[in-house]
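Residue numbers (the working numbering), protein chains in the order written: chain A, 1 to 169; chain B, 170 to 338; chain C, 339 to 507; chain D, 508 to 676.
Number of protein chains: 4
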Amino acid sequence: MRKLIVGVMGGGEGASPEVCEMAYKLGGLIAQQGWILLNGGWGVGVMEASARGAKEHNGLTVGILPDRHKDLASPYIDIPIVTGMGDGRNIINVLSSDIVVALPGRSGTISEIALALKNGKKVILLNFPLTDIFVEYQKAGIMVLVHKPEEVIAKIKELYQLENDEKDE
Amino acid sequence: MRKLIVGVMGGGEGASPEVCEMAYKLGGLIAQQGWILLNGGWGVGVMEASARGAKEHNGLTVGILPDRHKDLASPYIDIPIVTGMGDGRNIINVLSSDIVVALPGRSGTISEIALALKNGKKVILLNFPLTDIFVEYQKAGIMVLVHKPEEVIAKIKELYQLENDEKDE
Amino acid sequence: MRKLIVGVMGGGEGASPEVCEMAYKLGGLIAQQGWILLNGGWGVGVMEASARGAKEHNGLTVGILPDRHKDLASPYIDIPIVTGMGDGRNIINVLSSDIVVALPGRSGTISEIALALKNGKKVILLNFPLTDIFVEYQKAGIMVLVHKPEEVIAKIKELYQLENDEKDE
Amino acid sequence: MRKLIVGVMGGGEGASPEVCEMAYKLGGLIAQQGWILLNGGWGVGVMEASARGAKEHNGLTVGILPDRHKDLASPYIDIPIVTGMGDGRNIINVLSSDIVVALPGRSGTISEIALALKNGKKVILLNFPLTDIFVEYQKAGIMVLVHKPEEVIAKIKELYQLENDEKDE
């Protein structure tokens, strides 16, 4: 059985301290579940914070880099995938993720959410209220909005029917 | 001097007759200006209608296809570019366009608008009111919302300072 | 009926004057047939020479650029396709070509020949004797080696059964 | 310190039992060094054999898939990267590898060797004598030909100056 790969998207250099703190916490929780964290790989913003969170909780991290080299990869990325494709790599981020979590970001993050939804990936918005623009996907249960990192974990388990009470069976 | 390349994005199979009519008209106007029309290349929705509009007004049309062959290209596409990259081709659509026009669409179209804005391309929304989500770009004058195909042409000329009164000089 | 798109690959900055002269001639012959010339788009080597040959004979030229902008496009390229994908664009060069012609080059050109053959494209080698390494494709008639630009044109017609005597039917 | 990523390329369905045996052995040796194995991800040929070798020796394996899903991934791949880019993913294989090893293959493998050399990656040919076509790279010491899996490991250590006698210093 392969480990679940959770994609974490969100703002880069412009991400606020609060958003980065949430990303750090989420990264840690993902690692504690034994899941793999995947993000855009750079050493800034949500990418850096989520990777650091995962590594400080013994997780495994994959970064899909836009560059033609790995010089800009976060030190918390174990496996830098070097695409050399700029934002063309955004589709790889979402296709490689079993589920996509999006924290507040700008146009890059929105492009990833849109590509994820278009390609049938489930999207969990963490404090990023884009429900108006993607309302049809929310109604269809493909996209949900939550407010705390812990809720993301619960939602992933629910979506993948990794029920907490499995151990009771 | 190279001809201006105008990218026209918008809904595929789900596009309404009204949106397709608008796309057809826009394609014709782009051709009449001597500009090149670029779109996603398929024979459906805004892609088909805009290409048909351009060809019926002696324009030149380029389609950036997601497939690994050109079987699905619209017959109104002169130059099918075959990427084999699925939605990874969306970045090519916007980078290859001197300016991007977006008609109503769903997640695919939104991903192209987001990628365009992220990569510094000017975006004209034609009856696709996404101003809330991308408000910062609207305020910066990088994204505008208009309501008629004729306004798109005027806006492009304004943005590129192809003034109508050039002939008077 | 769409025009045939002929991909012309070959050396960049390191291409010899003789190779560039051959590329220039080939570009002109392609244009005279009413075919579209497609290459890697830069203003150096075989790319520049073949595009110049085509433009000086009223042809139409398409360049698939590796960069995220078109600053490096040859002035003889009518339609620069901006991929931002580095050598990831090589697959687009070959998939978009109805037939691939390869002049002498180095590893970039060899990668394009290999990708073309892998994807079922016919390849005409113009004075680039790679027949040892790809011998199986040569035996299967998918790859041929010729020595003059005029032979390339004849070979394309033969391969596409665009027989000169069609007009007699 | 990140672990070294070794890319292993080579034939798919057409790979001979001897080549697959060699790939299996190489995968095991890479894992025993604590290095990460990266390949094209499918469950056939050199990809399957090298991944199986690594997993049966407690290694970590990454597969860069051409498809838009992971259905065809080898069960021995821990981390499937889903590109949806067909052979456009070959550039990602080589850019993501710290060093590229190529076993006998056909046009797909040759395209990867060519792309690796073009992008400055060192290439170790394992019983795949392409030295004629890439002779300039061999002379420059960028490409070497060896004949046994053990020699690949020694060569990688030499190239990265991971000398066995480091401990004596």
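Where a beta carbon is used, it is the ideal one built from N, C-alpha and C, also for glycine.
| request: Show which residues of chain C have a CB atom less than 8 Å away from the CB atom of A/G84. | output: Neighbours of A/G84 on chain C, chain order: M423, G424, D425, G426.
| query | Looking at C/S445 and D/L579, is the spacing between their C-beta atoms short of 9 Å? | reply | It is not a contact, given that the beta carbons lie outside the stated cut-off.
| query | When the cut-off is 9 Å and only beta carbons count, does D/K662 lie next to chain A? | reply | Closer than 9 Å to the CB of D/K662 there is not a single CB belonging to chain A.
| query | By DSSP, does D/T590 sit in helix, in strand, or in coil? | reply | Coil, per DSSP.
| query | Do you know how far the Cα of B/I302 is from the Cα of B/G180? | reply | In this model, B/G180 and B/I302 are separated by some 18 Å (Cα to Cα).
| With which residues is B/G176 paired in a DSSP beta bridge? | Residue pairing for B/G176: DSSP places it in a beta bridge opposite B/L207, B/V269.
| said: If you reduce the DSSP assignment to three classes, tell me which class D/G648 lands in. | reply: Here DSSP, grouped into helix, strand and coil, assigns D/G648 to coil.
| Terminal residues of the continuous alpha helix (DSSP H) containing D/G550? | Premise fails: D/G550 is in no alpha helix (DSSP H) and is neither H nor E.
| Which value, in whole angstroms, describes the spacing of the CA atoms of C/E501 and C/E488? | Any answer about C/E501 is weak, because its pLDDT of 48 lies below 50 and its placement is not dependable; what the coordinates show is given next. C/E501 and C/E488: Cα-Cα distance of roughly 15 Å.
| Contacts that B/V270 makes with chain C (C-beta to C-beta distance below 9 Å) | Per Cβ cutoff of 9 Å: no residues; B/V270 is ~17 Å from chain C at best.
| Relative to the alpha-carbon of B/P249, which residue among B/H316, B/P298, B/N208 has its alpha-carbon at the smallest distance? | If we check each option's Cα against that of B/P249, B/N208 comes out closest.
| Residues that B/G289 bridges to, as DSSP identifies them | Looking at the DSSP assignment, B/G289 forms no beta bridge with any residue, so it has no partner.
| By Cβ distance below 6 Å, which residues in the same chain neighbour C/K459 in space, the five residues on each side in sequence not counted? | Excluding residues within five positions, the ones whose Cβ falls inside 6 Å are V432, V438.
| query | Looking at the structure shown, is A/A73 part of a helix, part of a strand, or coil, going by DSSP? | reply | Of the three classes helix, strand and coil, the one that applies to A/A73 here is strand, per DSSP.
| request: State whether the segment 300-317 of chain B contacts the segment 205-219 of chain B, with contact taken as three or more CB pairs (one from each stretch) at a distance under 8 Å. | output: The answer is no - the segment 205-219 of chain B does not touch the segment 300-317 of chain B, with fewer than three Cβ pairs under 8 Å.
| message | On the criterion of 16 or more Cβ atoms from any shown chain inside 10 Å, does D/G609 qualify as buried, or is it exposed? | response | At residue 609 of chain D the sequence reads Ala, which differs from the Gly that was named. Flag for D/A609 reads buried.
| Test item: CB-CB of A/I64 and A/R89 under 9 Å | Their beta carbons are under 9 Å apart, which means A/I64 touches A/R89 by this criterion.
| request: Check whether the segment 348-362 of chain C touches the segment 388-401 of chain C, counting contact only when three or more Cβ pairs, one atom from each stretch, lie closer than 8 Å. | output: Output reads yes: the segment 388-401 of chain C touches the segment 348-362 of chain C.
| query | Closest to D/L511 by CA distance: which of D/G521, D/G648, D/V569, D/G552 is it? | reply | In terms of Cα proximity to D/L511, the closest of D/G521, D/G648, D/V569, D/G552 is D/V569.
| message | With H, G and I counted as helix, E and B as strand and the rest as coil, what does DSSP make of C/G350? | response | Residue state, collapsed to three classes: coil.
| query | When you compare only the Cα positions, how much space is there between B/Q202 and C/E450? | reply | Straight-line spacing of the CA atoms in B/Q202 and C/E450 works out to 36 Å.
| request: Assign B/G277 to one of three DSSP states: helix, strand, or coil. | output: Helix.
| Who are the near neighbours of B/K324 in its chain, counting only those whose CB is closer than 7 Å to its CB and skipping five residues on each side? | Counting only Cβ-Cβ distances below 7 Å, and skipping sequence neighbours, we find I293, V313, V315.
| query | Quick one: is C/K505 near chain A, going by C-beta distance under 9 Å? | reply | The pLDDT assigned to C/K505 is 47, lower than 50, so where the model puts this residue is not dependable; a value taken from the coordinates is nonetheless given after this. Among the residues facing chain A, C/K505 is not included, as its CB has no counterpart in that chain under 9 Å away.
| message | Measuring only the C-alpha atoms, how far is D/R575 from C/V420? | response | If you take the alpha carbons of D/R575 and C/V420, they lie about 23 Å apart.
| said: Based on DSSP bridge pairs, tell me the residues matched to D/I571. | reply: D/I588, per the DSSP bridge assignment.
| Under 7 Å Cβ-Cβ, which residues of chain G neighbour A/V62? | Considering every chain present, this structure includes no chain G. Its protein chains are A, B, C and D.
| message | Suppose you measure from the CA of B/M178 to the CA of B/A184; what does that come to, to the nearest Å? | response | Straight-line Cα distance between these residues: approximately 11 Å.
| request: Pull up the distance between the alpha-carbon of C/G422 and that of C/S412, whole angstroms please. | output: Distance from the CA atom of C/G422 to the CA atom of C/S412, rounded to whole angstroms, is 16 Å.
| field | Partners in chain C for B/S265, counting only beta-carbon separations shorter than 9 Å | value | Within chain C, the residues near B/S265 are L403, K408, I417, P418, I419, V420, T421.
| task | Grab me the residues of A/I194's own chain with a C-beta within less than 6 Å of its C-beta, minus the 5 sequence neighbours each way, in chain order. | result | It is not possible to answer for residue 194 of chain A, since the shown part of chain A is limited to 1 through 169.
| Test item: CB-CB of D/L624 and D/I649 under 9 Å | Yes, they are a contact pair.
| message | Am I right that C/P404 and C/D425 are in contact with their C-beta atoms under 8 Å? What's the rounded C-beta distance? | response | About 6 Å separates the two Cβ atoms, so the contact holds.
| request: Specify the secondary structure class of D/L637 as computed by DSSP and reduced to three states. | output: In the structure shown, D/L637 sits in coil (DSSP, three-state: anything other than H, G, I, E or B).
| said: Taking the straight line between their C-alpha atoms, what separation do you get for A/E136 and C/A369? | reply: Within the model, the alpha-carbon separation for A/E136 versus C/A369 is close to 49 Å.
| query | When we look at the beta-carbon of C/E507 and count the other beta-carbons within 10 Å, is it buried (16 or more) or exposed? | reply | With a pLDDT of only 46 at C/E507, under 50, the local geometry of the prediction cannot be trusted, and the value read off the model is given with reservation. It is exposed - the Cβ of C/E507 has fewer than 16 other Cβ atoms within 10 Å.
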